[in-house]
Amino acid sequence: MLLAVCGHLAFIGAAGATTAKNNAPVEAAAKPEAAPTAFELQLLYADRTWNWENGAAYFGTDRRLRAWTGGQDAPAVGEGRWLVTETGKMCMELAWRSKTYNTKPQRTCYSHRVEKGNIEQRKDPDGGWYDFKHAKDNPADEHRKFEAGNTKGAQFDEARKLIDTKS
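Counted the way this note's numbering counts, the sequence shown spans residues 18 to 184.
Listed below in structure tokens is the structure:
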């Protein structure tokens, strides 16, 4: 299924790359005709763990999102939801908490576009575009930081216990 989606994205990307080369600047915002669909984005994120330098986020199939960051000295957890749009956006709405703070849900969005058969990503509203997923595996892809399943659930639970423990 994922191979079919990548092939579809490669086809869309080739068509979009010609248009971009001839008319619009490449740094323009994601255009609906050159962006992955909500279904295609769901295949990239659902039931996957995005590993960070010092933490991770799990994108549940029920659109729930659980994240953690920090070590023993400063753990924090975020809980909320994630969503995708037909215009190539994936948004995370997380309320973070630690022993010293609580936040209201904050929305962070990433735009995606298909360029030359590859998926690029940027943090909205004005982050720079970078490689997210090539049609063929590339070690520099951000998507290589994703693992199938909830691979860091135990670390999330440990961080939550440290935060919720009365000191």
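All C-beta atoms, glycine included, are put in the ideal place defined by N, C-alpha and C.
The segment 65–77 / the segment 137–155 touching (three or more Cβ pairs under 8 Å): no
Supposed close pair G105, P156 - CB separation, criterion 8 Å: As a first step, residue 105 must be located in the sequence shown, where it is residue number 88. As a first step, residue 156 must be located in the sequence shown, where it is residue number 139. The Cβ separation is near 24 Å, so there is no contact.
Which listed residue (D158, A152, T86) has its alpha carbon closest to that of E175: For the purposes of this step, residue 175 is identified with residue 158 of the sequence shown, where counting begins at 1. Nearest of D158, A152, T86 to E175, Cα basis: T86.
Contact belief for T66 with K153 at Cβ below 8 Å, rounded distance in angstroms: On the sequence shown, position 49 is the one that residue 66 refers to. On the sequence shown, position 136 is the one that residue 153 refers to. Contact doesn't hold; Cβ gap of about 23 Å is too wide.
Reduced DSSP category for R124 - H, G, I as helix; E, B as strand; rest coil: As a first step, residue 124 is located in the sequence shown; it is residue number 107 there, counting from the start. It is a strand residue.
Three-state secondary structure assigned by DSSP to G170: Taking the sequence shown and counting its residues from 1, the one referred to as residue 170 is at position 153. Reduced to three states, the DSSP call for G170 is helix.
Assigned exposure category for W69 - 16 Cβ within 10 Å defines buried: As a position in the sequence shown, residue 69 is number 52, starting the count at 1. Classification of W69: exposed, given that the 10 Å Cβ count is below 16.
Reduced DSSP secondary structure (H/G/I, E/B, other) of Y75: To locate residue 75, count along the sequence shown from 1; it is residue 58. Three-state DSSP puts Y75 in a strand.
Chain-order list of residues whose beta-carbon lies under 8 Å from that of N119 (same chain, five-residue window excluded): In the sequence shown, counting from the first residue as 1, residue 119 sits at position 102. So the qualifying residues of the chain are A112, W113.
Proximity to S128 [Cα-Cα], best of P92, K121, F149, S115: Numbered from 1 along the sequence shown, position 111 holds the residue referred to as residue 128. Of the listed residues, the one whose Cα sits closest to S128 is F149.
Closest by C-alpha distance to D158, when choosing among N167, G166, W146: Counting from 1 along the sequence shown, the entry for residue 158 is found at position 141. Considering only alpha carbons, the answer is W146.
Rounded separation between E103 and A55 - CA only: Here residue 103 corresponds to residue number 86 of the sequence shown, with the count starting at 1. Here residue 55 corresponds to residue number 38 of the sequence shown, with the count starting at 1. Those two C-alpha atoms are separated by around 5 Å.
Alpha-carbon spacing of P42 relative to E137, whole angstroms: Mapped onto the sequence shown, residue 42 falls at position 25. Mapped onto the sequence shown, residue 137 falls at position 120. Only weak support is given to the placement of P42: the predicted model assigns it a pLDDT of 38, under 50, and the value that follows is read from those uncertain coordinates. Spanning the two alpha carbons is a distance of roughly 15 Å.
L82 - partner residues in DSSP beta bridges: Translated into positions along the sequence shown, residue 82 becomes position 65. DSSP lists F76, G97 as partners of L82.
Residue from M107, V101, K116, T78 with nearest C-alpha to G95: Here residue 95 corresponds to residue number 78 of the sequence shown, with the count starting at 1. Among M107, V101, K116, T78, the Cα nearest to that of G95 belongs to K116.
Pairwise C-alpha distance: G97 and P122: Numbered from 1 along the sequence shown, position 105 holds the residue referred to as residue 122. Numbered from 1 along the sequence shown, position 80 holds the residue referred to as residue 97. Spanning the two alpha carbons is a distance of roughly 7 Å.
Boundaries of the alpha helix (DSSP H) in which A55 is found, first to last residue: Here residue 55 refers to the residue found at position 38 when the sequence shown is read from its first residue. Where A55 is concerned, the enclosing alpha helix (DSSP H) stretches over 55–62.
N68, enclosing beta strand (DSSP E) - first and last residue: Working through the sequence shown from its first residue, we reach residue 68 at position 51. Counting along the chain, the beta strand (DSSP E) containing N68 begins and ends at 65–69.
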